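K.L.:
First the structure, then my questions, so here it is.
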Amino acid sequence: MSNDEGRTISGEQSGIGDDEWPVPAAAGRVENGRIVMIAEQRRGSGDSIGAKRFESRSVDVRVSSAVAETMWHRAGQFSVAEGGRFERRPDAIIIHSRRTSPGLAGEPVGSWLIHWQSPTPDTATIYRLQWDSTAASERELWRAIDVLAGASPS
5 MSNDEGRTIS GEQSGIGDDE WPVPAAAGRV ENGRIVMIAE QRRGSGDSIG AKRFESRSVD
65 VRVSSAVAET MWHRAGQFSV AEGGRFERRP DAIIIHSRRT SPGLAGEPVG SWLIHWQSPT
125 PDTATIYRLQ WDSTAASERE LWRAIDVLAG ASPS
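Using my numbering, read the sequence shown as starting at 5 and increasing by one per residue.
Dropping the structure here:
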């Protein structure tokens with residue numbers, strides 16, 4: 005199946021399947037024939053601050069290593085530490101919500117996972133999108149990917 009921008013994606017959606025996603029604890033259930041994950045976020049004291057619903061989609065987006073490195077560099081330029089919305093992990097880029105007050109990072113609302121040098125040494129593959137469906141959408145992740153890859157942010 006292809007989406008309107010020509011990216012090849014699988015037709016299945018599932019809950020969080022990788023340890024890369026920064027969620028302290030998760031449980032899943034089947035809803036409308038899909039697995040959805042419910043993550044209980046907790047403060048340091050252990051008080052619950054509400055359940056969030058996370059969804060994910062397996063994708064197969066291959067980009068040149070140069071484009072992947074550009075995305076990685078831009079995610080660092082616009083990192084949470086620099087006042088932006090991105091956080092880099094070895095095999096993932098995480099997007100945070102907008103800040104609610106100066107000096108505080110927003111909550112993670114989505115991420116994409118990357119296989120570096122796959123399927124060849126000159127390419128990288130984005131293989132999974134993950135998002136908090138109460139705070140973000142799959143479309144927002146695609147837009148963030150496009151912007152980090154060099155598209156105009158307008």
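Note that beta-carbon positions come from the ideal geometry of N, C-alpha and C, so glycine has one too. All values derive from a computational prediction rather than experimental measurement.
Look at the alpha carbon of serine 83 and the alpha carbon of glutamine 134, and state the distance between them as a whole number of angstroms.
P.N.:
The sequence position of residue 83 within the sequence shown is 79, counting from 1. The sequence position of residue 134 within the sequence shown is 130, counting from 1. Cα-Cα distance, rounded: 18 Å.
K.L.:
If you follow the beta strand (DSSP E) that serine 115 is part of, which residue opens it and which one closes it?
P.N.:
As a position in the sequence shown, residue 115 is number 111, starting the count at 1. It spans 112-119 - the beta strand (DSSP E) in which serine 115 sits, taken as one unbroken run.
K.L.:
Proline 28: buried (16+ other C-beta within 10 angstroms of its C-beta) or exposed?
P.N.:
For the purposes of this step, residue 28 is identified with residue 24 of the sequence shown, where counting begins at 1. For proline 28, the predicted model reports a pLDDT of 31, less than 50, meaning its position is unreliable; a value from the coordinates is still stated below. It counts as exposed.
K.L.:
If we ignore side chains and look at the alpha-carbon of each, how far apart do glycine 80 and glutamate 91 end up?
P.N.:
Taking the first residue of the sequence shown as 1, we reach residue 80 at position 76. Taking the first residue of the sequence shown as 1, we reach residue 91 at position 87. Taking the straight line joining both Cα atoms gives about 7 Å.
K.L.:
What residue does the beta strand (DSSP E) around threonine 74 start on, and which one ends it?
P.N.:
Here residue 74 is taken as the residue at index 70 of the sequence shown, counted from 1. That residue, threonine 74, is in no beta strand (DSSP E); its alpha helix (DSSP H) goes 69-81.
K.L.:
If contact is defined by three or more beta carbon pairs under 8 Å, each pair taking one atom from either stretch, is the stretch 111-131 in contact with the stretch 59-70?
P.N.:
Touching, yes.
K.L.:
Would you mind working out which of Arg78, Asp95, Pro94, Arg93 sits nearest glycine 170, comparing C-alpha positions?
P.N.:
The requested residue 170 does not occur in the structure, where the chain is confined to residues 5 to 158.
K.L.:
Count the other C-beta atoms from every protein chain shown that fall within 10 angstroms of the C-beta of glutamate 142, then say buried if there are 16 or more, exposed otherwise.
P.N.:
On the sequence shown, position 138 is the one that residue 142 refers to. That one is buried.
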